[in-house]
Amino acid sequence: MKLILPSLSSVPSQNDTGWSVMLALALAIQVILYRKTLQGVLRDGRKRLLVFKTIHRRFANQRLKRLNSLGDDRKSHWMWNYSQQDAGTAEDSDQSSADGTGSTDGLISSQKKLVLVMVGLPARGKSFVVHKTLRYIEWLGYPTRVFNVGNLRRKLGKAGEDANFFNANNADATLLREEMAMRTLDELFEWIENQGHVAVFDATNTTKLRRQQILQKASSRRNVRVMFIESICDKQDLLEANYLRKLTNADYQDKAPEVALADFRKRVHEYEKVYETVEDTEDSGRACYVKVFNAGEKIQARYCQGFLQSQIVSLLQNIHLCPRRIWLVRPGRSITSRKGILGLDTELAPEGHRVARAIARFVDTLQLERSIEIWTSPVKRARETVKYILPHNLKRYVTTTLLNEIGGGDFEGLTYDEIKQLYPKHYAARLEDKLRYRYPGVGGESYVDVISRLRFLIVEFERKKRDVLIICSESILRCLMGYFAGYEAAKVPYMQSHDNMIIELSPHRDGCDIKLIPLEFVEDSSEDASTAH
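Last residue of the sequence shown: 529 in my numbering, with the numbers rising by one and none dropped.
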């Protein structure tokens, strides 16, 4: 805004108080006008943004018409020059996220390594903790692998050994078990030095001596950090359930259940004789550990100060064994999304209202003992979809921008066909690496960015003990389903999209059951296709 003042040539003398009053009055008027203008800009921000996107789209259409009117030789020259000017931002940002990092989002460097050492008596929930941790780390984009000593023992023909094999007084068996543990550990360090970034050493590791040997081997490697994860269980009902589950593994497959159970109890007793919990004094007083009690009922952590260590602790303090269901569904199509246009926050199209009503009918069919939670993004089509469900069994409704569709940046308002013709280098870069490709401009995101912001919600959904319905866009659905289905980050962008389908997830201690439920559409001319309930 231009500040208008009297000409300096007409400035009166300093003794003229009228000049001071006039100057103060002029400044006050300008401040008032400025505030009103600023309030108007803020109030109409959304409208102005939509106008800008519309202008951007019209400009792109004009360029597209011009391109189609050119001859092949001139078209190639024009597109090459334009792509050179336009591709720099995305190419530069992609390069920075792809080079010199260990994870897809560059949260740790390629030199740093993390070894997770499991600790605990048999049947105390170590496998449950390993599965949860491994799935989360791989989904974040860290190359991860589990090294299990028991698998090596069975591979070497020692499956089915009775409890005496695990007796500390059995010198020959103790020596053999120690050799197998060190052999597995050597394989772990060889892999993590050459390929991976996070390795899990899955064994009981119940003595201070064993843990000291692990720390000594780690100290001889550069930039390797050891984190102990101890699983403790003192609830008898959980223990008995875990004991029965152990009877299905390879050690007891040819034995009667009662014989196998008695032998397994003896094995646990042999381990209990030498069991030593992790203490602060280990690793010269610098022991980094987290203790998980009763599958997530309580945790205790020490020196878990790195990014990945803190992420693991955050996850483990929210895990539990309570059964629940999580439903994922895409909202009805909007006016712009039905045309394949990227971004733009517009209302539901007529067929989008049909989808919203079908989702509401699905909620009606659920046999719910208590109300569910509904999570969605604040975009118009998601909020309009929720309006159909609000009169139903609902006690809590949460909106968060963390569930927003992947940001299209400068390409919002365009279709993929238009991007292909106008920005061929960007289009090719996205096809080559859909995980790391980031749309150019302010607000542009990659799938890596989406996974990074969703990690907060993953921990929240792991914590939930009630059923949850998540209404989200395609990219968000892929990322969430990728986590619960156990996909590594690189596969997430290529997961199959499910239109007009409810995805039912039922997490359990061994993973997650997935069920696809088609939406049921009812043709009813009495329904108003343009308004919600």
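Backbone N, C-alpha and C define an ideal beta-carbon position, used for all residues, glycine too.
In whole angstroms, what separates the C-alpha of Arg320 from that of Tyr267? Position 324 of the sequence shown, counted from the start, is the residue given in the question as residue 320. Position 271 of the sequence shown, counted from the start, is the residue given in the question as residue 267. Taking the straight line from one Cα to the other gives about 34 Å.
Beta strand (DSSP E) segments (min. 3 residues) lying fully within the stretch 472 to 510: 497 to 504
Going by C-alpha distance, which of Gly302, Ala486, Arg149 is nearest Val444? Position 448 of the sequence shown, counted from the start, is the residue given in the question as residue 444. Here the closest residue by C-alpha is Ala486.
With a cut-off of 8 Å on the beta carbons, I'd call Ile331 and Glu347 a contact; round off their distance for me. Numbered from its first residue, the sequence shown carries residue 331 at position 335. Numbered from its first residue, the sequence shown carries residue 347 at position 351. Rounded, the Cβ-Cβ distance is 10 Å, inconsistent with contact.
By the three-class DSSP mapping on this structure, what secondary structure does Ala297 have? Position 301 of the sequence shown, counting from 1, holds the residue named residue 297. The answer is strand: DSSP assigns Ala297 an E or B state.
Between His422 and Leu338, what straight-line distance do the alpha-carbon atoms span, to the nearest angstrom? As a first step, residue 422 is located in the sequence shown; it is residue number 426 there, counting from the start. As a first step, residue 338 is located in the sequence shown; it is residue number 342 there, counting from the start. If you take the alpha carbons of His422 and Leu338, they lie about 15 Å apart.
Where Tyr384 falls, given that 16 or more other Cβ within 10 Å makes a residue buried: Along the sequence shown, one-based indexing puts residue 384 at 388. Buried, since its Cβ has 16 or more Cβ neighbours within 10 Å.
As assigned by DSSP and simplified to three states, the class of Thr129: Taking the first residue of the sequence shown as 1, we reach residue 129 at position 133. Three-state result, Thr129: helix.
Is the CB-CB distance between Val222 and Thr140 below 9 Å? Reading the sequence shown from its first residue, position 226 is the one you call residue 222. Reading the sequence shown from its first residue, position 144 is the one you call residue 140. Cβ atoms of Val222 and Thr140: not closer than 9 Å.
Report all residues from its chain with a CB closer than 6 Å to the CB of Gly116; omit the five preceding and five following residues, and keep chain order. Within the sequence shown, the letter at position 120 stands for residue 116. Counting only Cβ-Cβ distances below 6 Å, and skipping sequence neighbours, we find Lys122, Glu226, Ser227.
Buried/exposed call for Tyr138, threshold 16 Cβ in 10 Å: Position 142 of the sequence shown, counted from the start, is the residue given in the question as residue 138. The residue is buried, with at least 16 neighbouring Cβ atoms inside 10 Å.
Give a yes or no on contact between the stretch 254 to 267 and the stretch 154 to 161, applying the rule of three or more CB pairs nearer than 8 Å. yes
Indicate whether Ile370 and Val394 have their beta-carbon atoms separated by less than 9 Å. What you label residue 370 is simply residue 374 of the sequence shown in a count that begins at 1. What you label residue 394 is simply residue 398 of the sequence shown in a count that begins at 1. Yes, they are a contact pair.
Kindly indicate which three-state DSSP category Ala378 falls into: helix, strand or coil? Reading the sequence shown from its first residue, position 382 is the one you call residue 378. Helix.
Could you tell me whether the stretch 281 to 301 touches the stretch 413 to 432, where touching means 3 or more Cβ pairs closer than 8 Å? no
When you compare each of Asn219, Leu399, Gln417 to Phe407 by their alpha carbons, which one comes out closest? Looking up residue 407 in the sequence shown gives position 411. Ranking the options by Cα distance to Phe407, first place goes to Gln417.
Starting from the C-beta of Gly156, find all residues in its chain whose C-beta is less than 6 Å away, skip the five residues before and the five after it, and write them out in chain order. Mapped onto the sequence shown, residue 156 falls at position 160. Once the five neighbours on either side are set aside, the close Cβ partners of Gly156 are Asp247.
In the structure shown, what three-state DSSP assignment does Ser330 receive? The count along the sequence shown starts at 1 and reaches residue 330 at position 334. In the structure shown, Ser330 sits in a strand (DSSP, three-state: E or B).
In whole angstroms, what is the alpha-carbon distance linking Arg357 and Arg326? Here the question's residue 357 lines up with position 361 in the sequence shown. Here the question's residue 326 lines up with position 330 in the sequence shown. Rounded to whole angstroms, Arg357 to Arg326 spans 15 Å at the Cα level.
Pick out whichever of Lys511, Val518, Arg505 has its Cα sitting closest to the Cα of Leu234. Mapped onto the sequence shown, residue 234 falls at position 238. Measuring from the Cα of Leu234, the nearest candidate turns out to be Arg505.
Could you check whether Gly405 and Pro436 sit closer than 9 Å to each other, using their CB atoms as the reference points? Here residue 436 refers to the residue found at position 440 when the sequence shown is read from its first residue. Here residue 405 refers to the residue found at position 409 when the sequence shown is read from its first residue. Yes, they are a contact pair.
Proximity of Ser502 and Ile513 at Cβ, strictly below 9 Å: On the sequence shown, residue 502 is found 506 positions in, with the first residue counted as 1. On the sequence shown, residue 513 is found 517 positions in, with the first residue counted as 1. Taking 9 Å as the Cβ cut-off, Ser502 and Ile513 do not qualify as a contacting pair.
CB Val125 to CB Ile315, shorter than 9 Å? Locating residue 125 in the sequence shown gives position 129, counting from the first residue. Locating residue 315 in the sequence shown gives position 319, counting from the first residue. Taking 9 Å as the Cβ cut-off, Val125 and Ile315 qualify as a contacting pair.
Contained alpha helix (DSSP H) runs [length at least 4] in the stretch 145 to 188, N- to C-terminal order: 145 to 151
Cβ shell of Thr180 (< 6 Å), same chain only, five flanking positions each side left out: Along the sequence shown, one-based indexing puts residue 180 at 184. Counting only Cβ-Cβ distances below 6 Å, and skipping sequence neighbours, we find Phe143, Val145, Leu148.
Cβ separation of Glu134 and Glu484, assumed to be a contact under 8 Å, to the nearest whole Å: For the purposes of this step, residue 134 is identified with residue 138 of the sequence shown, where counting begins at 1. For the purposes of this step, residue 484 is identified with residue 488 of the sequence shown, where counting begins at 1. Going by Cβ atoms, the distance from Glu134 to Glu484 rounds to 5 Å, so yes, they are a contact pair.
Tell me whether the beta-carbon of Asn201 lies closer than 9 Å to the beta-carbon of Phe185. Along the sequence shown, one-based indexing puts residue 201 at 205. Along the sequence shown, one-based indexing puts residue 185 at 189. Contact: no.
Beta strand (DSSP E) segment containing Ile228, residue limits: Within the sequence shown, residue 228 is the residue found at index 232, counting from 1. That run of the beta strand (DSSP E) goes 220 to 228.
Could you work out which residue in Gln305, Gln296, Trp323, Gln249 is closest to Thr372 when comparing CA atoms only? Numbered from its first residue, the sequence shown carries residue 372 at position 376. That would be Trp323, whose Cα lies nearest to the Cα of Thr372.
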